[in-house]
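Step one of this worksheet: look at the structure below.
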Amino acid sequence: QKEVEQDPGPLSVPEGAIVSLNCTYSNSAFQYFMWYRQYSRKGPELLMYTYSSGNKEDGRFTAQVDKSSKYISLFIRDSQPSDSATYLCAMSRGSNYKLTFGKGTLLTVNP
Amino acid sequence: SQTIHQWPATLVQPVGSPLSLECTVEGTSNPNLYWYRQAAGRGLQLLFYSVGIGQISSEVPQNLSASRPQDRQFILSSKKLLLSDSGFYLCAWGTSGGLGEQYFGPGTRLTVT
Numbered sequence: 106q107k108e109v110e111q112d113p114g115p116l117s118v119p120e121g122a123i124v125s126l127n128c129t130y131s132n133s134a135f136q137y138f139m140w141y142r143q144y145s146r147k148g149p150e151l152l153m154y155t156y157s158s159g160n161k162e163d164g165r166f167t168a169q170v171d172k173s174s175k176y177i178s179l180f181i182r183d184s185q186p187s188d189s190a191t192y193l194c195a196m197s198r199g200s201n202y203k204l205t206f207g208k209g210t211l212l213t214v215n216p
Numbered sequence: 052s053q054t055i056h057q058w059p060a061t062l063v064q065p066v067g068s069p070l071s072l073e074c075t076v077e078g079t080s081n082p083n084l085y086w087y088r089q090a091a092g093r094g095l096q097l098l099f100y101s102v103g104i105g106q107i108s109s110e111v112p113q114n115l116s117a118s119r120p121q122d123r124q125f126i127l128s129s130k131k132l133l134l135s136d137s138g139f140y141l142c143a144w145g146t147s148g149g150l151g152e153q154y155f156g157p158g159t160r161l162t163v164t
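Structure representation (structure tokens):
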């Protein structure tokens, strides 16, 4: 079983839709959770990070963590064509540990 | 604010040639530094990481090596490139006291012909 599973998609939605991106993990030692956005041919950009169960909101983005189910989500409200990118989840046991990444979900928002 | 630079942005090299990719970070001291390779459909593969000058940990035995000659400089090298070394190489930095989050550079796209 892989430590982090992420549906690669591709996911295609119309502009304005609510997007839900998800990852599951198997290692209960993971305590910190991140979402990265990667545009084509660019480096990943850190979108959000959290270390507790529950929701964290930042503008149109909401990160949700459910440690009991080992499940994390990223919601994008009022999606825009500029949100079209690959979204990678990542998690770690702490600053002295490596990040474990999902393989990414390719999202396309159609105008 | 912190900035991470990588160069070159793109590189085409013949098989058997040497390689040197450079990464520098500005605006922070004593960062943890990382080299990743991203191949199509295979996700991010951690190659090397460093917690200080001269301290390098290798994740995957392969044709590559890394060095950290200065606090904010990280170099990825190879003596003889293989076709399988083609990919998108990303440098990242992180803080030793944070949550483990990392910040990536713009990447170098390497094609070995």
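Read top to bottom, the protein sequences are chains A and B. Counting in my numbering, the first sequence runs from 106 upward without gaps. Counting in my numbering, the second sequence runs from 52 upward without gaps. Where a beta carbon is used, it is the ideal one built from N, C-alpha and C, also for glycine.
Listed in chain order, which residues of the segment 139-164 of chain B have Cβ atoms closer than 9 Å to some Cβ of chain A?
Those would be F139, L141, C142, A143, G145, T146, S147, G148, G149, L150, G151, E152, Q153, Y154, F155, G156, P157, G158 and R160, in chain order.
Along the chain, where does the beta strand (DSSP E) that runs through E162 (chain A) open and close?
Counting from one through the first sequence, the residue named residue 162 (chain A) turns up at place 57. Segment G159 to D163, the beta strand (DSSP E) holding E162 (chain A).
Taking the beta carbon of D171 (chain A) as the centre, do at least 16 other beta carbons fall within 10 Å, making it buried, or is it exposed?
Translated into the one-based positions of the first sequence, residue 171 (chain A) becomes position 66. In summary, D171 (chain A) is exposed, with fewer than 16 beta-carbon neighbours lying within 10 Å of its beta-carbon over all protein chains present.
Any beta carbon from chain A within less than 8 Å of G67 (chain B)'s own beta carbon?
Residue numbering aside, residue 67 (chain B) sits at position 16 when the second sequence is read from its first letter. With its beta carbon at least 8 Å from every one in chain A, G67 (chain B) lies outside the interface.
CA-CA distance, G156 (chain B) and Y100 (chain B)?
By one-based count along the second sequence, residue 156 (chain B) stands at place 105. By one-based count along the second sequence, residue 100 (chain B) stands at place 49. C-alpha separation (whole angstroms): 15 Å.
Can you name the start and end residues of the beta strand (DSSP E) that Y141 (chain A) belongs to?
Counting from one through the first sequence, the residue named residue 141 (chain A) turns up at place 36. According to the DSSP assignment, Y141 (chain A) belongs to the beta strand (DSSP E) that extends over Y137 to Q143.
Where L239 (chain A) meets chain B, residues with beta-carbon distance less than 9 Å:
Nothing about residue 239 (chain A) can be reported from this structure: the residues present for chain A run from 106 to 216 only.
Could you run through the segment 149-179 of chain A and flag, in chain order, every residue whose CB is less than 9 Å away from some CB of chain B?
Within the segment 149-179 of chain A, the qualifying residues are P149, E150, L151, Y154, T155 and Y156.
In the DSSP assignment, find the unbroken beta strand (DSSP E) run with D171 (chain A) in it and report its ends.
Walking along the first sequence from the start, residue 171 (chain A) turns up at place 66. Counting along the chain, D171 (chain A) sits inside the beta strand (DSSP E) bounded by residues F166 to D171.
Which of helix, strand or coil DSSP assigns to S128 (chain B):
On the second sequence, position 77 is the one that residue 128 (chain B) refers to. The answer is strand: DSSP assigns S128 (chain B) an E or B state.
Along chain B, which residues have their Cβ under 8 Å away from the Cβ of G114 (chain A)?
To locate residue 114 (chain A), count along the first sequence from 1; it is residue 9. For the C-beta of G114 (chain A), not a single chain B residue is nearer than 8 Å; the gap to the nearest is close to 12 Å.
At the 8 Å Cβ level, is G94 (chain B) part of the contact set with chain A, yes or no?
Walking along the second sequence from the start, residue 94 (chain B) turns up at place 43. It does: the Cβ of G94 (chain B) has a partner Cβ on chain A nearer than 8 Å.
Identify which residue in B:D122, B:L115 and B:L134 has its Cα closest to the Cα of S128 (chain B).
Translated into positions along the second sequence, residue 128 (chain B) becomes position 77. Checking every option, the nearest Cα to that of S128 (chain B) belongs to B:L115.
Given that a residue counts as buried once 16 or more other Cβ atoms are within 10 Å of its Cβ, and exposed if not, what is A143 (chain B)?
Counting from one through the second sequence, the residue named residue 143 (chain B) turns up at place 92. With 16 or more neighbouring CB atoms inside 10 Å of its own CB, A143 (chain B) falls in the buried class.
With which residues is G114 (chain A) paired in a DSSP beta bridge?
Locating residue 114 (chain A) in the first sequence gives position 9, counting from the first residue. BP columns for G114 (chain A) are empty, so no partner.
In whole angstroms, what is the alpha-carbon distance linking T129 (chain A) and Y141 (chain A)?
Taking the first sequence and counting its residues from 1, one reaches residue 129 (chain A) at position 24. Taking the first sequence and counting its residues from 1, one reaches residue 141 (chain A) at position 36. A direct Cα-Cα distance of roughly 16 Å separates T129 (chain A) from Y141 (chain A).
Between which residues of its own chain and Y154 (chain B) is the CB-CB distance below 8 Å, once the five residues before and five after are set aside?
Taking the first residue of the second sequence as position 1, residue 154 (chain B) is located at position 103. Q53, I55, A143, W144 and G145, listed in sequence order.
On the DSSP bridge list, what partners appear for Q106 (chain A)?
Within the first sequence, the letter at position 1 stands for residue 106 (chain A). Partner(s): none; Q106 (chain A) has no beta bridge.
Measure the alpha-carbon distance for L133 (chain B) versus T162 (chain B) and round it to whole angstroms.
As a working note, residue 133 (chain B) is residue 82 in the second sequence. As a working note, residue 162 (chain B) is residue 111 in the second sequence. Each residue's alpha carbon lies about 10 Å from the other.
According to DSSP, is S135 (chain B) part of a helix, a strand, or is it coil?
As a position in the second sequence, residue 135 (chain B) is number 84, starting the count at 1. Assigned with DSSP and collapsed to three states, S135 (chain B) falls in helix.
What residues are listed by DSSP as bridge partners for L126 (chain A)?
Here residue 126 (chain A) refers to the residue found at position 21 when the first sequence is read from its first residue. Paired residue(s): A:L179.
What is the DSSP secondary structure of P186 (chain A), reduced to helix, strand or coil?
For this step, residue 186 (chain A) is matched to residue 81 along the first sequence. Residue state, collapsed to three classes: helix.
Rounded to whole angstroms, what is the Cα-Cα separation between V214 (chain A) and V118 (chain A)?
Counting from 1 along the first sequence, the entry for residue 214 (chain A) is found at position 109. Counting from 1 along the first sequence, the entry for residue 118 (chain A) is found at position 13. If you take the alpha carbons of V214 (chain A) and V118 (chain A), they lie about 5 Å apart.
At the 8 Å Cβ level, is L204 (chain A) part of the contact set with chain B, yes or no?
Sequence index remark: in the first sequence, residue 204 (chain A) carries index 99 (1-based). Interface residue, yes.
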